[in-house]
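Here's the structure, in structure tokens; my notes come after.
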Amino acid sequence: MEASCLELALEGERLCKAGDFKTGTVFFEAAVQVGTEDLKTLSAIYSQLGNAYFYLKEFSKALEYHKHDLTLARSIGDHIGEAKASGNLCNTLKILGQYDEAIACCQRHLDISLEQGDRVGEARALYNAGNVFHARGKQLSWNMPQIPGDLSEEVKETLEKATAWTAWSSSHSPPTRSKMEISAGAKTTATITFPWRQMHRRFLLLIPTTSGYRCPP
């Protein structure tokens, strides 16, 4: 008798928990091939496949399955699932160096977490945003010629944003005026006047708004 989709998925999950991600993906892929009418189960399989490929450093495949998970979560109205998929996409896009797209997914993760009253989700989205800014700052510092020990203004600003948003996620309270001035820079200090929960929603004002990126449809 052939194994069901759920049975294959459970074995894949067991293997991944044991650290055998390579074999785990084989079972998850088999589960997808068998198929299921339970779309929440399928969404969970996509998510775990994305995570397994992420650990295997196969980031293109991780991106593919997290996109599948996001699309499916949206189609069935699973807002929490959409938030988690957006967070997973943020982390994967960051590794791939697609920082604007990663921030867009952080924004979507944050928006849904706020709508659902998910404080843990809010903190994770903000922490992920800090990580994206940090990664982008490091890349900028590598790519820009400069005097040893001296950082360009763009690098400094990006790393300061990373510090501000990571600290915000840790304290889970609004940053002080001085912190916001450090993170936002002269061009966006007007955002300081927003109430802190609105500031949560509008942290994309701290990066260029002309990119046009959004979390994948």
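If you read the sequence shown in full-length UniProt numbering, its first letter stands for residue 1, the second for the next number, and so on. Every residue, glycine too, gets a C-beta built ideally from N, C-alpha and C. A quick note: this is a predicted structure, and the numbers were derived from the prediction, not measured.
Status (buried if at least 16 other CB within 10 Å, exposed otherwise) for residue i
i           : result
residue 18  : exposed
residue 81  : buried
residue 4   : exposed
residue 108 : buried
residue 67  : buried
residue 48  : buried
residue 103 : buried
residue 60  : exposed
residue 113 : buried
residue 38  : exposed
Run of the alpha helix (DSSP H) containing residue i, from where it starts to where it stops
i           : result
residue 4   : Counting along the chain, residue 4 falls outside any alpha helix (DSSP H), and DSSP gives it neither H nor E.
residue 33  : 21-34
residue 49  : 39-55
residue 104 : 99-116
residue 96  : Per DSSP, residue 96 belongs to no alpha helix (DSSP H) and is neither H nor E.
residue 18  : Where residue 18 is concerned, there is no enclosing alpha helix (DSSP H), given that its DSSP letter is neither H nor E.
residue 64  : 59-75
Straight-line Cα distance separating residue j from residue i
i           : j           : result
residue 31  : residue 95  : 27 Å
residue 127 : residue 2   : 43 Å
residue 42  : residue 6   : 9 Å
residue 116 : residue 51  : 24 Å
residue 29  : residue 100 : 30 Å
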